[in-house]
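Chemist: With this note's numbering applied, the sequence shown has no gaps in its numbers, which climb one by one up to 246 at the end.
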Amino acid sequence: MIYIESMTFNAFQENSFVVYNDEKEAIIFDPGCSNVTEQSLLSSFIERTKLKVVRLVNTHCHIDHVLGNKYVAEKYNVHLEAHPNEKSVLETGVMISKMYNISYDQSPEIHSYIDEGDTFTLGQESFEVLLCPGHSPGSLCFFHADSKTLIGGDVLFQNSIGRTDLPGGDHNTLISVIKEKLFKLPDDTKVYCGHGPSTNIGFEKKTNPYLS
Ligand SMILES: [Zn+2]
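(1) Using DSSP bridges, identify the partner residues of E162.
(2) Answer yes if the region 176-183 comes into contact with the region 130-145, meaning at least three C-beta pairs across the two stretches below 8 Å, and no otherwise.
(3) Taking the beta carbon of D188 as the centre, do at least 16 other beta carbons fall within 10 Å, making it buried, or is it exposed?
(4) Could you tell me whether any non-hydrogen atom of ligand 1 is closer than 7 Å to the CB of D204?
(5) Any chance you could list the residues with Cβ under 5 Å from a heavy atom of ligand 1, keeping chain order?
(6) Secondary structure at I38, three-state DSSP: helix, strand or coil?
(7) Give the C-beta separation of V88 and A107 to the nearest angstrom, bearing in mind that I take them to be a contact with Cβ-Cβ under 8 Å.
(8) Please determine, among Q158, S246, G202, the residue with the shortest C-alpha to C-alpha distance to S173.
(9) Any contact of the region 194-209 with the region 146-158, i.e. 3+ C-beta pairs under 8 Å?
(10) Can you tell which of L85, N206, D56, Y147 has the C-alpha that lies nearest to the C-alpha of M35?
(11) Which whole-angstrom value describes the C-beta separation of I195 and Y244, a residue pair presumed to lie in contact below a C-beta threshold of 8 Å?
(12) Under 8 Å, with one C-beta from each stretch per pair, do the region 206-217 and the region 76-93 reach the 3-pair mark?
(13) So, for F226: in the same chain, excluding its five sequence neighbours on each side, which residues have a beta-carbon less than 8 Å away from its beta-carbon?
(14) Once you ignore the five residues that flank L190 on each side, which residues in its own chain have a CB closer than 8 Å to its CB?
(15) Among all the DSSP beta bridges, which residues are the ones paired with R89?
(16) Looking at G66 and H99, is the spacing between their C-beta atoms short of 8 Å?
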């Protein structure tokens, strides 16, 4: 079984997720913690729940999803994992942080790459990896079939979709990837989004104005 804790961090109201199993092993997806207060919120949850952090994963490497990478990598001694297409996105982080005038502890580089079709596990739990470009060129979604749960990053939101005006974004690609990959998942799949509330696939098929 998996359990999911969501925390909303930084000026962009980004959702960071701690996904853990019965053995108390945890993956931290997209740590966006951007200051000491947010870092300690994340760490106190880890400590209180007695978790062992075993993986650090970015669904994609936009600045709001990587602000806590360095903190998590050093505190828990884990290496960053992401899709190879996000290498160049991550490299723009310092420049983007200056543009937005936000402080940024520069993320470590991607240590190991994840791609569609890879076996992605947390202990006994396995996730299907879906490459879903359009918002960012290497956006990954992680589908846990046993619980019908999707860690979706910024691909699909409740009644919205990821923005496509950033470098490497493409509107038509995003629309077709959602229809061809995410909408093939069971309707009762719960989607944990990188911003805003969670949703489910069936609800988005019916109501999402970008996908009708
Ligand atoms: Zn993004």
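Ideal placement from N, C-alpha and C gives every residue a C-beta, glycine not left out.
Modeler: The relevant details are as follows:
(1) T153, F177
(2) no
(3) Buried, by the Cβ-count rule.
(4) no
(5) Going by the Cβ distance cut-off, the answer is H96, D188.
(6) strand
(7) Between A107 and V88 the Cβ distance is about 13 Å, and since that is not below 8 Å, they are no contact.
(8) G202
(9) no
(10) D56
(11) 5 Å
(12) no
(13) Looking at the sequence itself, residue 226 is Tyr, so the reference to Phe does not match. So the list reads I38, S40, N49, F51, T183, L184, I185, G186, S232, once near-sequence residues are dropped.
(14) G196, I212, L216, V225, C227, T233, E238, N242
(15) I61
(16) yes
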